[in-house]
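Residue numbers (the numbering used here): 406 to 843. We put the CB at the ideal spot given by N, CA and C, even for glycine.
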């Protein structure tokens with residue numbers, strides 16, 4: 406079976422959860438006898454075909470280049486993983502035009518949320534349903550508008566072209582109508598994706614619920630949780646040095662909540678034997694953080710004031726597991742609804758307990774007070790209280806670490822996806838004689 410994976414980013418140019426997921430899935434599919442190939446827009450390494458860790462990668466220079474390369478590969482299945490202009494709906498449409506069945510995995514919420522966070526502007530969870538007025542107001546609010554102003558502007562924009570048909574209308578007001586039009590377009594794009602894709606893959610139950618809120622038929626959705634890479638070592642004996650060693654692995658930005666864990670340490674006595682190690686790249690611009698360099702300077706200033714905290718760069722994928730195994734506990738204080746995240750799953754598979762926020766798939770991953778703690782707020786003082794508790798009672802970490810846990814692996818994901826692909830190909834009445842994934 407030939408499988409084309411579409412991703413806006415890929416190793417080694419960028420390293421993140423989606424890239425690692427795609428690489429691990431492709432590697433396991435190759436072991437099972439399939440022929441995977443990754444299609445991704447050109448980045449630092451330029452356009453063209455190359456191999457990465459034994460997997461063929463095509464870096465396209467644009468949509469027509471992608472069309473030619475995909476047609477030449479002639480996959481049995483196209484599996485899309487991202488929703489960007491460089492690798493998203495346009496590429497999915499091309500795959501459909503060429504007659505290839507499509508699967509789409511929701512690694513984030515680009516297809517249904519204007520901000521990509523699935524969080525309301527009042528910091529409460531969103532159910533994911535696309536609503537023209539509510540989504541427009543939320544988008545404006547998260548862009549810095551006051552709550553009342555955002556609601557009024559969204560309502561005014563909803564009056565539509567009748568208000569703005571005069572030549573004297575300002576560009577700002579025209580932009581507001583464009584905003585509501587774009588929200589309506591998002592719904593149409595989701596409907597288009599649902600029509601084209603044979604299956605929509607939800608990595609967590611709450612993702613499935615968000616899709617059904619938007620009218621996606623249940624029979625088109627498959628819940629397929631992420632799986633960890635091969636775990637080759639067990640975590641060290643927790644708290645063995647007498648110092649509680651907390652780790653954070655992820656982007657250094659506000660959405661990942663790195664400031665929550667940094668400020669949590671500032672709430673603890675300076676003499677408390679606790680350290681925090683931060684590993685990850687700088688944040689990238691987004692709606693909630695349009696200027697990540699400002700946050701980066703601010704967080705570096707906070708870190709410099711506390712010698713217990715150290716900031717490192719991103720870890721190469723091949724070093725991540727070894728480094729995480731050295732932590733006593735991993736902190737995942739995410740401010741948005743993570744679909745995994747994979748880093749929490751890998752820590753737990755290593756026997757490293759996880760302190761996590763209560764958003765997204767984290768409560769489905771971390772079993773509260775069995776292999777970590779789900780902390781219901783993002784108040785640093787609440788996180789500090791939990792850290793103090795485990796620092797003063799290290800036997801809690803021993804109990805969490807020793808709790809039996811069945812770890813789902815990337816091989817499990819590959820086998821589950823093979824079943825999904827086979828069902829789709831049967832539905833499409835693919836001619837006999839194609840290769841299989843055993």
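Go through its chain and collect everything with a Cβ distance to residue 573's Cβ below 8 Å, but skip five positions before and after it. With a pLDDT of only 41 at residue 573, under 50, the local geometry of the prediction cannot be trusted, and no value is derived from it.
Sequence-distant residues of the same chain with beta carbon closer than 8 Å to residue 801, five excluded per side: For residue 801, where only same-chain residues beyond five positions count, the Cβ hits under 8 Å are 794, 795.
Please return the same chain residues whose Cβ sits closer than 6 Å to the Cβ of residue 566, not counting the five positions on each side in sequence. Confidence in residue 566 is poor, its pLDDT being 39 and thus under 50, which makes the residue's placement too unreliable to answer from.
Can you list, in chain order, the residues of its chain whose CB lies under 7 Å from that of residue 471, leaving out five sequence neighbours each side? Non-local C-beta neighbours of residue 471 in its own chain, meaning closer than 7 Å and more than five positions away in sequence, comprise 444, 465, 496, 499, ordered along the chain.
If I measure Cβ to Cβ from residue 779 and keep anything under 8 Å in the same chain, skipping five residues before and after, which residues do I get? The beta carbon of residue 779 sits closer than 8 Å to the beta carbons of 761, 762, 763, 767, 768, 771, 773 from its chain, once the five residues preceding and following it are set aside; these are given in chain order.
Based on the DSSP output, what are the partners of residue 446 in its beta bridges? Answer by DSSP bridge pairing, in chain order: 465.
Just how far apart, CA to CA, sit residue 651 and residue 667? CA-to-CA, the gap between residue 651 and residue 667 works out to about 11 Å.
On the DSSP bridge list, what partners appear for residue 761? According to DSSP, which records beta bridges pairwise, residue 761 is partnered with 737, 779.
Relative to the alpha-carbon of residue 808, which residue among 791, 815, 758 has its alpha-carbon at the smallest distance? Closest option to residue 808, Cα to Cα, is 758.
Whole-angstrom distance between residue 538 and residue 480, CA atom to CA atom: Cα atoms of residue 480 and residue 538: separation of roughly 41 Å, rounded to the nearest angstrom.
Give the secondary structure of residue 569 by DSSP, where H, G and I count as helix, E and B as strand, and everything else as coil. In this predicted model, residue 569 has a pLDDT of only 36, less than 50, meaning its place in the structure is not dependable enough to derive any value.
Using a 10 Å radius around the Cβ and a threshold of 16 neighbouring Cβ atoms, would you call residue 421 buried or exposed? Flag for residue 421 reads buried.
Enumerate in chain order the residues of its own chain whose CB-to-CB distance from residue 839 is below 8 Å, with the five nearest sequence positions on each side excluded. Reliability of the predicted coordinates at residue 839 is poor, the pLDDT of 43 falling under 50, and no value is obtained from them.
Please look up how many angstroms separate the CB atoms of residue 462 and residue 415, rounded, as I've assumed it's under 8 Å. That belief holds up - the Cβ atoms of residue 462 and residue 415 are roughly 6 Å apart, short of 8 Å.
What is the C-beta distance between residue 788 and residue 665, in whole angstroms, given that I count them as a contact (C-beta under 8 Å)? Separation of the CB atoms of residue 788 and residue 665 is rounded to 6 Å, and the pair is thereby assigned contact status at 8 Å.
Taking DSSP as the reference, what is the three-state secondary structure of residue 615? If DSSP states are grouped into helix, strand and coil, residue 615 belongs with the helices.
By how many angstroms is the C-alpha of residue 648 removed from the C-alpha of residue 673? In a straight line, the C-alpha of residue 673 is about 14 Å away from that of residue 648.
Is the beta carbon of residue 715 closer than 7 Å to that of residue 682? Yes, these two residues count as a Cβ contact at 7 Å.
In chain order, what residues of the same chain have a beta carbon less than 8 Å from the beta carbon of residue 503, not counting five sequence neighbours either side? Around residue 503: 472, 475, 476.
The alpha helix (DSSP H) spanning residue 896 covers which residue range? The displayed coordinates of the chain run from 406 to 843. Any statement about residue 896 would go beyond what the structure contains.
Cβ-Cβ distance between residue 618 and residue 532 below 7 Å: A contact, by the Cβ cut-off of 7 Å.
Determine the contact status of residue 512 and residue 814, defining contact as a CB-CB distance below 7 Å. Residue 814 sits away from residue 512, with the two beta carbons spaced by 7 Å or more.
Could you tell me the boundaries of the alpha helix (DSSP H) in which residue 684 lies? Residue 684 -> not in any alpha helix (DSSP H); beta strand (DSSP E) instead, spanning 679 to 684.
Assign residue 611 to buried or exposed, taking buried as 16 or more other Cβ atoms, counted over all protein chains shown, within 10 Å of its Cβ. Buried, since its Cβ has 16 or more Cβ neighbours within 10 Å.
For a quick check, are the C-beta atoms of residue 595 and residue 485 less than 7 Å apart? Inclusion of residue 595 and residue 485 in the CB contact set at 7 Å is not warranted, their separation being larger than that value.
My output table needs one value for residue 420: the three-state DSSP class, helix, strand or coil. Coil at residue 420, not helix or strand.
At least three beta-carbon pairs within less than 8 Å, the region 622 to 637 to the region 695 to 715: No: fewer than three Cβ pairs fall under 8 Å.
Along the chain, where does the alpha helix (DSSP H) containing residue 537 start, and where does it finish? DSSP places residue 537 inside the alpha helix (DSSP H), whose first and last residues are 537 to 547.
Enclosing alpha helix (DSSP H) for residue 793 [first to last residue]: Unbroken alpha helix (DSSP H) run through residue 793: 785 to 797.
How far does the beta strand (DSSP E) with residue 658 in it reach, from first residue to last? Unbroken run through residue 658: none, as it is neither H nor E.
For a quick check, are the C-beta atoms of residue 655 and residue 620 less than 7 Å apart? No, Cβ-Cβ distance for residue 655 and residue 620 is not below 7 Å.
Could you tell me the distance, in whole angstroms, from the CA atom of residue 653 to the CA atom of residue 543? Approximately 29 Å, taken between the alpha carbons.
Quick check: the Cα distance between residue 604 and residue 460, rounded to an integer number of angstroms? Taking the straight line from one Cα to the other gives about 24 Å.
Can you grab the Cα-Cα spacing for the pair residue 424 / residue 710, in whole Å? As the crow flies, the alpha-carbon of residue 424 is around 34 Å from that of residue 710.
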